[in-house]
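Chemist:
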Amino acid sequence: LLRNGGRDAPPPPPPPYRAHGPADPPGRGKPPPPPTRTPAGPPPPPPPLRNGHRDSIRAFLDDFESKYSFHPVEDFPAPEEYKFFQRIYPSKTNRGEGAPPDPPPKFLGRVGGQNPPPWRL
59 LLRNGGRDAP PPPPPPYRAH GPADPPGRGK PPPPPTRTPA GPPPPPPPLR NGHRDSIRAF
119 LDDFESKYSF HPVEDFPAPE EYKFFQRIYP SKTNRGEGAP PDPPPKFLGR VGGQNPPPWR
179 L
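Quick note: the numbering used here has the sequence shown finishing at residue 179, numbered continuously throughout.
Written out as structure tokens, the structure is:
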């Protein structure tokens, strides 16, 4: 290709596509074996088995509370005293009235002497 009086070489082709899988492309050696343990000592013991979910929540709350300042409970006013009253739910009061209402009438073509809509012709 000629551009600006000079000759430009085409870009190099993209690297060959390699699907992820157990087969290695030809011409490549096997990957190195995993490193072996040095005889420095046994592996560290596993962490003690406790309720990890509860511990993680506690650690999160401790971290959260250390980052922010909160009012003590005593700073808030006492809630209003609970007073019972009968609650009315319309969906529950209509259950005992019997059958549901009839569905609306179907559209039969002409309403009040007018022509039917074009999609019904």
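C-beta: ideal position from N, C-alpha, C; glycine also.
What's the gap between the Cα of D160 and the Cα of Q144?
Modeler: 32 Å
Chemist: Can you give the Cα-Cα distance for F134 and A157, rounded to whole angstroms?
Modeler: One C-alpha to the other measures close to 51 Å.
Chemist: Do you know how far the Cα of F122 is from the Cα of P71?
Modeler: So the two alpha carbons sit approximately 53 Å from each other.
Chemist: To the nearest angstrom, how far is it from the Cα of S114 to the Cα of K125?
Modeler: 17 Å
Chemist: Work out the CA separation of F142 and P162 for me, nearest whole Å.
Modeler: 42 Å
Chemist: Here's a check: name, in chain order, each residue in its chain whose Cβ is nearer than 7 Å to the Cβ of P102, leaving out the five neighbours to either side.
Modeler: none
Chemist: Report the rounded CA-to-CA distance for P100 versus P91, giving the unit in angstroms.
Modeler: Approximately 21 Å between the Cα atoms of the pair.
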